[in-house]
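Take a look at the structure set out below.
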DNA sequence: TGCTCTTATGTCGGATATGACATATAATTT
DNA sequence: AAATTATATGTCATATCCGACATAAGAGCA
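Protein chains in written order, with our numbering: chain R, 8 to 115; chain C, 8 to 115.
Right, dumping it as structure tokens:
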């Protein structure tokens, strides 16, 4: 998973503490963002494994292709809700979901 | 955890497929709701274990007491995002988070 | 009984995430 | 290279979720 240093670089619109209180809960924020990016990667991986296009997945979950693209890109406008609902729509079991969440950020 | 048959009963405002397409993705919907309720219980358990009031937890995560109450009650107006951010604010590690998610609904 | 602390429930204006659409940029195929 | 298919990016109106507030309900104690 070479594209996971992406995480830092791709702080595209993440607004983080910057727009907020500038000091404080950056520890949880970090874990939260990291989790989202990990789920995003998992969605893409699972969708591809099932040979589905973004359009197909979008229809399965009554969303749209652009939403799926943003999801997989780790766009900050995408919620954890949508990510997890996507994984569930892809048939991910709770065990598998847990495994995705448990897995910490790959070694550098 | 006797209060988990609550799940079915407490379909208070869950609107489910009812307001939606009436047929279709109830499998994922079920998993989704079940997950939320499990996280809700986990928040309450962890908050109590740390001897925090809802007001205190609310302040820690810059939310409000009423939101925390709704979270713990499994109110449908609460998102997965908020539930997970709460758990992270309570110092839950990703390992622990995974354990909460993995754990399937208790036997009856 | 009142008093204090905690939690529950209802509501609301404002904030954010949503699907949809248009369109751009790959990536494949012919 | 042109056509086709897949994915990316930007924008927008509406739906949903948010914190905040008011207030009720419960628990424990003076």
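Beta carbons are placed, not taken as given, at the ideal position from N, Cα and C, and that holds for glycine. Bear in mind that the values here come from a model prediction, so they are computed numbers and not experimental data.
Among 103/C, 49/C and 33/C, whose alpha-carbon lies nearest the alpha-carbon of residue 80/C?
Working through the second chain from its first residue, we reach residue 80/C at position 73. When each option's Cα is compared against that of residue 80/C, the closest is 49/C.
Using only CA atoms, which one of 34/C, 43/C and 39/C lies nearest to residue 77/C?
Translated into the one-based positions of the second chain, residue 77/C becomes position 70. Comparing Cα-Cα distances from residue 77/C to each of 34/C, 43/C and 39/C, the minimum goes to 43/C.
Starting from residue 86/R, find everything on chain C with Cβ-Cβ shorter than 7 angstroms and list it in chain order.
Position 79 of the first chain, counting from 1, holds the residue named residue 86/R. Neighbours of residue 86/R on chain C, chain order: 86 and 88.
For residue 62/R, is the classification buried or exposed, using 16 other Cβ atoms within 10 angstroms of its Cβ as the cut-off for buried?
The sequence position of residue 62/R within the first chain is 55, counting from 1. Classification of residue 62/R: exposed, given that the 10 Å Cβ count is below 16.
Quick check on DSSP: helix, strand or coil for residue 80/R?
On the first chain, position 73 is the one that residue 80/R refers to. The answer is coil: DSSP assigns residue 80/R none of H, G, I, E or B.
Output the distance between the C-alpha atoms of residue 33/C and residue 53/R, rounded to the nearest integer angstrom.
Mapped onto the second chain, residue 33/C falls at position 26. Mapped onto the first chain, residue 53/R falls at position 46. Distance between the alpha carbons of residue 33/C and residue 53/R is about 21 angstroms.
Between the alpha carbons of residue 59/C and residue 67/C, how many angstroms are there, rounded?
Numbered from 1 along the second chain, position 52 holds the residue referred to as residue 59/C. Numbered from 1 along the second chain, position 60 holds the residue referred to as residue 67/C. Taking the straight line from one Cα to the other gives about 10 angstroms.
Going by CA-CA distance only, name the one from 40/R, 110/R and 64/R that's closest to residue 51/R.
Start at 1 with the first residue of the first chain, and residue 51/R comes out as number 44. Measuring from the Cα of residue 51/R, the nearest candidate turns out to be 64/R.
Of the choices 106/R, 93/R, 109/R and 108/R, whose alpha-carbon is the least far from that of residue 38/C?
Indexing the second chain from 1 puts residue 38/C at position 31. Of the listed residues, the one whose Cα sits closest to residue 38/C is 93/R.
Compute the distance between the beta-carbons of residue 109/C and residue 36/R, then report whether it is under 8 angstroms.
Here residue 109/C corresponds to residue number 102 of the second chain, with the count starting at 1. Here residue 36/R corresponds to residue number 29 of the first chain, with the count starting at 1. No.
Whole angstroms are fine: how far does the CA of residue 106/R sit from the CA of residue 88/R?
By one-based count along the first chain, residue 88/R stands at place 81. By one-based count along the first chain, residue 106/R stands at place 99. Roughly 17 angstroms between the two C-alpha positions.
How close, in whole Å, do the beta carbons of residue 90/C and residue 47/C come, if the pair is a contact with beta carbons under 8 angstroms?
Residue 90/C sits at position 83 when you count from the first residue of the second chain. Residue 47/C sits at position 40 when you count from the first residue of the second chain. Indeed they touch by this definition, with Cβ atoms about 6 angstroms apart.
Take residue 123/R and list the residues in its own chain whose beta-carbon comes closer than 7 angstroms to its own, dropping the five residues that flank it on each side.
Given a span of 8 to 115 for chain R in the structure shown, any question on residue 123/R remains unanswerable.
Applying a beta-carbon distance threshold of less than 9 angstroms, which residues of chain R neighbour residue 64/C?
On the second chain, residue 64/C is found 57 positions in, with the first residue counted as 1. Simply none; closest approach about 13 angstroms.
At a CB-CB cut-off below 9 angstroms, which residues of chain R make contact with residue 40/C?
Along the second chain, read from residue 1 onward, the residue named residue 40/C stands at position 33. Within chain R, no residue comes near residue 40/C; the closest Cβ sits about 11 angstroms away, beyond 9 angstroms.
Select from the stretch 90-101 of chain R all residues with a C-beta closer than 8 angstroms to any C-beta belonging to chain C, and list them in chain order.
Per Cβ criterion, the list reads 91, 92, 95, 96 and 101.
Between residue 79/C and chain R, is the shortest Cβ-Cβ distance under 8 angstroms, so that the two count as touching?
Here residue 79/C refers to the residue found at position 72 when the second chain is read from its first residue. It does not: the Cβ of residue 79/C has no partner Cβ on chain R nearer than 8 angstroms.
Confirm, please, whether the CB-CB distance from residue 71/R to residue 86/C is below 8 angstroms.
Within the second chain, numbered from 1, the residue matching residue 86/C stands at position 79. Within the first chain, numbered from 1, the residue matching residue 71/R stands at position 64. Not closer than 8 angstroms, so no.
Whose CA, out of 82/C, 57/C and 45/C, lies closest to the CA of residue 97/C?
For the purposes of this step, residue 97/C is taken as residue 90 along the second chain, with counting starting at 1. Per the Cα distances, 57/C.
At a Cβ threshold of 8 angstroms, is residue 105/C touching chain R?
Translated into positions along the second chain, residue 105/C becomes position 98. So yes, residue 105/C belongs to the interface.
Output the distance between the C-alpha atoms of residue 104/C and residue 21/C, rounded to the nearest integer angstrom.
As a working note, residue 104/C is residue 97 in the second chain. As a working note, residue 21/C is residue 14 in the second chain. One C-alpha to the other measures close to 24 angstroms.
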